[in-house]
């Protein structure tokens with residue numbers, strides 16, 4: 007059982023990184039990564055939201071949705087929106103500095119495909135409570151890792167001589183492609199062959 | 022900031038009644054195809070753009086599904102805008118979009134199960150496609166149903182076009198086929214990387230590069246013509 | 024229909040030394056009951072629409088899924104004349120489960136025209152190179168002889184790992200193999216427990232072999248016990 011949990015975490019974080027392999031959470035990946043500190047903070051906020059979402063999704067799947075499976079998407083999105091609202095209020099109270107630093111990106115976590123994607127993957131794979139938590143932690147760490155890496159690279163690239171045509175999104179995508187390629191090296195990790 | 026100026030609660034603006042006879046224009050349709058293309062210009066909806074474009078069939082299916090959801094939700098949002106108070110408008114839009122996405126999900130699974138399996142979770146993820154909520158908020162809630170539908174059609178078709186372009190490039194180079202039909206000789210060694218995640222990022226990056234180049238040439242050509 | 028709102032035009036700074044800002048003028052806004060009514064109404068409408076669509080599509084969807092499952096079972100059991108479903112309930116196999124059959128794991132018994140059992144189809148899944156690989160095999164519990172193998176789901180590298188599904192040479196080996204399987208680079212020819220891995224897809228191939236071994240280990244004692252005890 008624990009081997010299972012460890013594989014789930016490692017897989018979500020490295021082998022099937024949510025951003026670089028599963029293409030989830032791209033809006034913040036391209037939008038918030040101009041500074042390393044902001045990227046790191048947003049990543050950590052995401053971990054928190056992901057954890058709460060995983061728990062809520064498990065609860066919904068187990069107790070409420072079997073009676074009405076067609077309400078899955080609606081109930082997930084409602085839960086996510088509420089969770090983000092709660093986290094926003096908590097951060098505002100706990101650290102107004104962080105709240106201002108994150109600004110508009112905090113409510114945008116709601117439309118972050120990674121959160122809903124986590125809930126859906128968790129459902130499709132039939133994860134239990136502990137597996138869901140492991141999945142959320144792995145996904146959150148993977149997201150934070152990808153965000154921080156991208157931010158570190160972009161800060162350097164912004165000071166370099168990028169051709170005018172490539173400036174903006176084109177060069178960021180090409181960087182992302184290299185990062186994704188690097189992460190492909192993790193494939194096979196955790197497979198006990 | 023609030024030390025000097027009194028903090029004022031500004032009432033939400035009234036939902037503007039569209040000018041009588043808010044006629045749909047061709048621009049509503051054409052805007053989304055190039056000038057305000059959701060992917061190439063507005064950079065919205067990137068998650069499905071990169072994830073499902075490893076084959077033309079998948080791109081087509083996702084494009085059609087997104088178009089359907091976009092048109093239906095824009096129509097409904099525009100028709101019901103008088104009844105939705107501003108405070109709960111985002112929640113209502115999300116509810117409407119989520120309903121249509123669920124309908125699309127169920128229909129796809131019943132009618133084309135293979136496609137549904139290939140697209141997987143990304144059908145449900147249409148609900149967080151910033152493009153749909155963005156259009157509902159920015160356009161459909163402010164204009165009549167006819168214009169909203171045209172705008173949605175334009176955006177949806179523009180989105181699908183980009184998806185199909187990416188899908189074609191990735192499938193052709195990564196698999197040697199287009200829609201499953203072998204295009205190159207048996208000696209062609211497929212560039213497998215193109216159907217893998219890095220290939221997705223790279224293809225979109227290069228397409229954006231090409232678009233920037235095309236724009237650049239057009240503006241410099243226009244400037245040269247003006248100077249002449 | 025307009026919104027009732029107490030519109031307060033933005034006021035400039037108060038004359039004299041700016042001191043405590045006046046309290047914000049409350050905006051009447053929309054009455055709460057209307058907000059709730061809108062959301063409630065929208066929710067009810069959405070629910071109605073979805074329930075209708077659900078009733079309409081569920082039969083087709085369940086039928087599709089069953090058909091795909093039955094086709095895979097028929098393939099790994101080499102087109103049996105009749106297929107029987109066994110459910111794993113409380114650690115034992117039974118034909119007639121007491122609980123919800125949809126939630127229980129299953130094994131499928133295949134019989135030929137004479138009513139003799141040709142084999143049992145069982146499923147296994149484990150993480151491979153990229154993601155989880157799901158496999159269905161047909162085997163004879165009494166002899167551990169495999170009848171066939173079908174990959175139900177995999178996300179391995181296209182062109183390399185996905186050969187576990189597409190390479191007929193690899194898949195064909197499982198029609199004559201006997202569990203417990205051993206992975207080898209190349210088969211000697213005589214030993215039926217040997218299975219040759221795919222060049223360039225070692226991990227994926229080994230995962231398939233491991234899945235099969237684990238599945239047989241798990242289901243064989245259950246099936247043997249089921250055969251011995253009459254009347255379930």
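Chains as they are written, first to last, in our numbering: chain A, 7 to 199; chain B, 22 to 249; chain C, 24 to 255.
Each residue gets a CB set at the ideal place from its N, CA and C atoms; glycine is no exception.
Non-local beta-carbon contacts of residue 232 of chain C in its own chain, meaning distances under 6 Å to residues more than five positions away in sequence, involve 204, 206, 218 in chain order.
By the CB criterion at 9 Å, residue 140 of chain B and residue 83 of chain B fall inside the cutoff.
Here residue 80 of chain B is not near residue 90 of chain B, since their CB atoms are 9 Å or more apart. Taking 9 Å as the cut-off, the Cβ atoms of residue 119 of chain B and residue 79 of chain A count as close.
Nearest to residue 217 of chain B by C-alpha distance, out of B:237, B:226, B:192, is B:192. Setting aside the 5 residues that flank it on each side, residue 64 of chain A is surrounded in the same chain by 135, 138, each with a C-beta closer than 6 Å to its C-beta; the list follows chain order. With the criterion set as a beta carbon lying under 8 Å from some beta carbon of chain A, the members of the stretch 214 to 234 of chain C are 225, 226, 229, 230, 233, in sequence order.
Fully contained in the stretch 109 to 142 of chain C are the following beta strand (DSSP E) runs of length 3 or more, in chain order: 115 to 117, 128 to 134.
Taking the beta carbon of residue 187 of chain C as reference, no residue of chain B falls within 9 Å; the closest one sits roughly 16 Å away. Taken in chain order, the whole alpha helix (DSSP H) runs of length 4 or more contained in the stretch 153 to 228 of chain B are 166 to 196. Per DSSP, the continuous beta strand (DSSP E) segment holding residue 160 of chain C begins and ends at 155 to 163. Residues of chain B whose Cβ lies closer than 8 Å to the Cβ of residue 159 of chain C do not exist, since the nearest Cβ in that chain is about 16 Å away. Around the beta-carbon of residue 113 of chain C, fewer than 16 other beta-carbon atoms lie within 10 Å, marking it exposed. Proximity of residue 222 of chain B to chain A, defined by a Cβ-Cβ separation below 9 Å, is satisfied. Per the C-alpha coordinates, the member of C:163, C:216, C:183, C:109 positioned closest to residue 214 of chain B is C:183. Contact between residue 73 of chain C and residue 76 of chain A holds, since their C-beta atoms are separated by about 4 Å, short of 8 Å. Contact of residue 27 of chain A with chain B by beta-carbon distance below 7 Å involves 218.
Close to chain C, meaning a Cβ-Cβ distance shorter than 8 Å, are the following residues of the stretch 11 to 45 of chain A: 13, 17, 21, 22. The shortest C-alpha to C-alpha distance from residue 29 of chain A to any of A:193, A:186, A:166 is the one to A:186. Not flagged as an interface residue toward chain C: residue 158 of chain B, since no C-beta distance is shorter than 9 Å. In the DSSP assignment, the residues bridged to residue 176 of chain C are C:157. If you draw a straight line from the Cα of residue 178 of chain C to the Cα of residue 188 of chain C, it is about 10 Å long. Exclusion of the five residues before and after residue 159 of chain A leaves 181 as the residues of its chain whose Cβ lies within less than 7 Å of its Cβ. Per DSSP, the unbroken beta strand (DSSP E) holding residue 205 of chain C starts and ends at 205 to 207.
Following the DSSP letters along the chain, one finds residue 125 of chain A inside the alpha helix (DSSP H) bounded by residues 119 to 130.
Shown here for residue 92 of chain B: same chain residues with a beta carbon closer than 7 Å to its own, the five before and five after excluded, namely 170, 173, 174, 177 in chain order. Within 8 Å of the CB of residue 180 of chain B, no CB atom of chain C is found; the nearest one sits about 24 Å away. With contact defined as three or more Cβ pairs closer than 8 Å, the stretch 96 to 106 of chain B and the stretch 127 to 137 of chain B are not in contact.
Of all C-beta pairs linking the stretch 228 to 243 of chain C to the stretch 160 to 170 of chain C, three or more are shorter than 8 Å, placing the two stretches in contact. With 16 or more other Cβ atoms inside 10 Å of its own Cβ, residue 149 of chain C counts as buried. By the beta-carbon neighbour count (other beta carbons within 10 angstroms, threshold 16), residue 219 of chain B is buried. Cβ contact annotation for residue 52 of chain A (same chain, cutoff 6 Å, sequence separation greater than five): 146, 149, in chain order. Excluding five sequence positions before and after residue 129 of chain C, the CB atoms of its chain that fall closer than 6 Å to its own CB belong to 108, 110, given in chain order. Residue 112 of chain A sits in coil when the DSSP states are folded into three classes, being neither helix nor strand. Nearest CB-CB separation between residue 66 of chain C and chain B: below the 9 Å threshold.
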